[in-house]
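Per mature numbering (1 follows the signal peptide of the UniProt record, and there is no 0): the sequence shown = residues -20 to -1, 1 to 506.
Read through the structure below, which is laid out as structure tokens, and then see the notes.
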Amino acid sequence: MKIDKILILLFLVVAGFACQDELDTNPTDSTSGDVLFSDVQKANVALNGIYRAMYVADEWSVNWADEEFGVTAFLLTYDLMGDDMVQNEGGSGWFWFDYMYNVKSDYTHKSGRPYSVWFFYYTVISNANSIIASQDVLTGAPSEISSLIGQAYALRAYAYFSLIRFYQQTYVGNENAPGVPIYTEPTTNASEGSPRGTVADVYTQIDADLQQALTLLDPDVAAPRIHPSHIDYYVANGLKAQVALEKQDWPTAESAATMAMSGGTTMLSRENLANGFGFNDANAGAVLWGLQIIAEQISDTESLFGHMDASTSSYAENARKCVSSWLYDQMADSDVRKQMWWNGPLEVDEPLGTQLSYNQFKFRFSDPTNALGDYILMRHEEMMLIKAEALCMQNRFGEARTILTELMEERDPNYDISGLTDASTLTVNDANGPTTPLGGSSTLLDEIILQRRIELWGEVGRIHDIKRLKTGFSRDFEGSNHTQKLLSRNTLDPEYPDFVMSIPQSEFDGNKNMDEVSDQNPWADN
């Protein structure tokens, strides 16, 4: 990819956005870069453009926009690469090849997963760099400038974190492996591409950006958040907790998750779930960060809910997303999630629509007629589970039990973990794979990871946890409802090469410091 084109693309698409109560987005290409960054209010135009880019389609690949609708498309991909989400049929083909592990060869062109993820996140980075570079010349209220620049640093960290997790194995044990190119300055037509560097280099940049973001977004110096799509101090702490979890920096994961939860969010109650909360409201009390969707800028097909809500006539109707039968069976009948988020096994499965065993209801349009539904990117419950895992890994088992029980009391009134062993190890089942222990959880860590898989199904990307926990996975368990069991692939390998995406050919074509032979990610032999 020629990096000089990234900034141009996004400015043409989103320049002119105002920062109002509903993140008003009326595209125009009439705003020049000089005008855009003359004061903080106009610089917010570019910032809002980044947030809008996170949910629009038609920009991230030459074709196949139906499965390239921003960050939730990528999160759906990461879940379908694992063992907990099933795509029951191919439908129109969207996401089917991700589920089959048959997209890595698409690196040769600009339509498909290798290119779209790379191009999207480097677009975010390039625009964040331009905002950051303007900080010394902006006029306006200091608190508003602090908020603007802090968000840009956080978005850059978020983008690099997303890239390194998709285009490389996990941090621990791979610190010296090739990373992704790092850019911290605005790019121009004359800019030279950066080499891959190392995984450690990328995480050093992520950590530095998050520290800058937290300093600038501190409530004592930054203007209050004016829109749920914006990153604030608490969201930045949530990002820090996610990064620390990946790095196995347990004290930091614990403290950052605790701080993220201190901003006024609360977990969804059993009553919320029983009343049919559809994971489509960025203003819900449990949401730290969500993208508030505007009807004029999305369609029923090029959207998360178009691929998830099988009750509509969109793609999900005949490409239904289901929970794995194994994960479903781990929940007690008294668990409200089992009652509200998925079908159980049905006597008759219909060829279209919701009447299918294990079909999901967790993600639904809030307004199907107008294709509305917000995207939730970070929830209070995720922070609870990060904290519980971090406490467990520090052998603070009593505290970990307390926070896990606090969550589960709002999910299952009969929940009881008194029989679990206090241990920070995962149980291995050689017959069905490390992630499906016979008889359910044995250790406290087993249970924390299990509840993470259930609670955050469809939200955080299961393949990322498989990689960081180094478990591998198997879809070939007894009673499996997976339609693609990947029997010819060694997915039990904790560092299976095809867990890592290929780098697009366009990057090698436009970056003389990247060699398509030595810098391309390897393919698995099977």
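Every residue gets a Cβ at the ideal spot worked out from N, C-alpha and C, and that includes glycine.
Comparing alpha carbon positions, the residue from 465, 155, 384 closest to residue 76 is 465.
Here residue 211 carries a coil assignment [DSSP, helix/strand/coil]. Nearest neighbour of residue 231 by Cα position, chosen from 426, 368, 474, 120, turns out to be 368. Taking a 10 Å sphere around the C-beta of residue 365, we find 16 or more other C-beta atoms and assign the residue as buried.
DSSP places residue 480 in the coil class of the three-state scheme, outside both helix and strand. Take residue 98, set aside five residues on each side of it, and the residues of its chain with a beta-carbon closer than 6 Å to its own are 484, in chain order.
The continuous alpha helix (DSSP H) containing residue 373 extends over residues 360 to 373. Excluding residues up to 5 positions away in sequence, 46, 294, 295 lie with their Cβ nearer than 7 Å to the Cβ of residue 281 in the same chain.
In the displayed model, residue 472 falls within coil according to three-state DSSP, outside both helix and strand.
The criterion of a C-beta distance shorter than 7 Å is satisfied by residue 119 and residue 19.
For the options 89, 217, 23, 487, the alpha carbon positioned closest to that of residue 269 is the one of 217. Distance from residue 126 to residue 26 at the Cβ level is roughly 16 Å; contact not present, criterion being Cβ atoms closer than 8 Å.
Annotation: the continuous alpha helix (DSSP H) that includes residue 130 extends over 122 to 146.
For residue 301, the enclosing beta strand (DSSP E) begins and ends at 301 to 303. Counted as a single uninterrupted DSSP element, the stretch harbouring residue 29 is not any beta strand (DSSP E) but the alpha helix (DSSP H) occupying residues 20 to 33. The beta carbon of residue 448 is closer than 6 Å to those of 150, 226 in its chain, skipping five residues each way along the sequence.
Annotation: residue 441 is outside any alpha helix (DSSP H) and is labelled neither H nor E by DSSP. Membership of residue 247 in any beta strand (DSSP E) is not indicated, and neither H nor E is assigned to it by DSSP.
Cβ-Cβ distances below 7 Å link residue 468 to 506 in the same chain, with the five nearest sequence neighbours on each side left out; the list follows chain order.
The C-alpha of residue 502 lies about 10 Å from the C-alpha of residue 84. In this model, residue 165 and residue 460 are separated by some 49 Å (Cα to Cα). Here the C-alpha atom of residue 279 lies approximately 13 Å from the C-alpha atom of residue 289. Around the Cβ of residue 103, a 10 Å sphere holds 16 or more other Cβ atoms; the residue is buried. Between residue 224 and residue 242, the alpha-carbon positions lie close to 18 Å from each other. Residue 98: member of the alpha helix (DSSP H) spanning 93 to 113, first to last residue. Distance from the CA of residue 338 to the CA of residue 199, rounded to the nearest whole angstrom, comes to 44 Å. Closest by C-alpha distance to residue 356, out of 56, 48, 379, 41, is 56.
Looking at the DSSP output, residue 339 sits in a beta bridge with 302. Rounded to the nearest whole angstrom, the C-alpha separation of residue 307 and residue 92 is 30 Å. Beta-bridge partners of residue 67 (DSSP): 301. Separation of residue 129 and residue 456 (C-alpha to C-alpha, rounded to the nearest whole angstrom) is 48 Å. Listed in chain order, the alpha helix (DSSP H) runs fully inside the segment 262 to 289 are 284 to 288, counting runs of at least 4 residues.
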